[in-house]
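In my numbering, the protein residues as written are -8 to 157. Worksheet: the structure to be examined is printed underneath.
Written out as structure tokens, the structure reads:
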């Protein structure tokens, strides 16, 4: 887990200039939009979170995918959302909220819960063993991820950042 940053989680830093702009198709919705889904007390939170993220990716022009890179990026986002919401269900009394924010370069996602634990990849990672792979997957797919404790001491937000498709 990496938490050393020149800016706090959720603040993605300065937006890059127009130099080197990508030839990717224009998104259906402008970058920078935040999407929120309340999950507290709901059944099927993992499926709801994944469906919510899929709809956001569709609205933002990531889906339907124009190519293999864009499809892989969208699949990575859906897998990370599934893993983080699942962890909140299994280890933190359930998720409270899922938040997604897309910029030109990254997708920032957050899952808030009321749990006291801190997620971490199991070390050493044992691929042949069932279970315990969620945070290893998150670590492998994401540019960065971390945990922010709520100021009042009740719960936390697990955040992750994934690269936008080129």
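Don't be surprised by glycine CBs; every beta carbon is placed ideally from N, CA and C. Note that this is a predicted model, so its numbers are computed, not measured.
For the ligand NAD, is there any heavy atom lying closer than 7 Å to the beta carbon of residue i?
i: residue 140; result: Within the structure as shown, the ligand NAD is missing, as the structure has no ligands at all.
Using the C-alpha atoms, what's the distance from residue j back to residue i?
i: residue 148; j: residue 79; result: 10 Å
i: residue 157; j: residue 146; result: 35 Å
i: residue 13; j: residue 23; result: Residue placement at residue 13 cannot be trusted, given a pLDDT of 36 that sits under 50; what the coordinates show is reported in the next sentence. Between residue 13 and residue 23, the C-alpha separation is close to 17 Å.
i: residue 105; j: residue 153; result: 24 Å
i: residue 75; j: residue 127; result: 11 Å
i: residue 58; j: residue 43; result: 22 Å
i: residue 28; j: residue 103; result: 11 Å
i: residue 114; j: residue 31; result: 30 Å
i: residue 123; j: residue 143; result: 29 Å
i: residue 63; j: residue 56; result: 9 Å
Determine the contact status of residue i and residue j, defining contact as a CB-CB distance below 8 Å.
i: residue 54; j: residue 41; result: no
i: residue 155; j: residue 98; result: yes
Short of 7 Å in beta carbon distance, which residues of its chain neighbour residue i, apart from the five on each side in sequence? Order them along the chain.
i: residue 48; result: 54, 65 and 68
i: residue 131; result: none
i: residue 141; result: 147
i: residue 151; result: 71, 75, 100, 129, 133 and 136
i: residue 125; result: 74, 77 and 78
Since residue i and residue j are thought to touch, with beta carbons under 8 Å apart, how far apart are those beta carbons, to the nearest angstrom?
i: residue 138; j: residue 110; result: 7 Å
Going by beta carbon distance, what residues of the same chain come within less than 6 Å of residue i, once the five residues before and after it are set aside?
i: residue 93; result: 22 and 51
Tell me which same chain residues have a C-beta within less than 8 Å of the C-beta of residue i, skipping the five on either side of it?
i: residue 25; result: 90, 91 and 92
(request) Please confirm if the stretch 24 to 43 is in contact with the stretch 86 to 100, defined as three or more CB-CB distances below 8 Å between the two stretches. (result) With a cut-off of 8 Å on Cβ pairs, the stretch 24 to 43 is in contact with the stretch 86 to 100, counting three or more such pairs.
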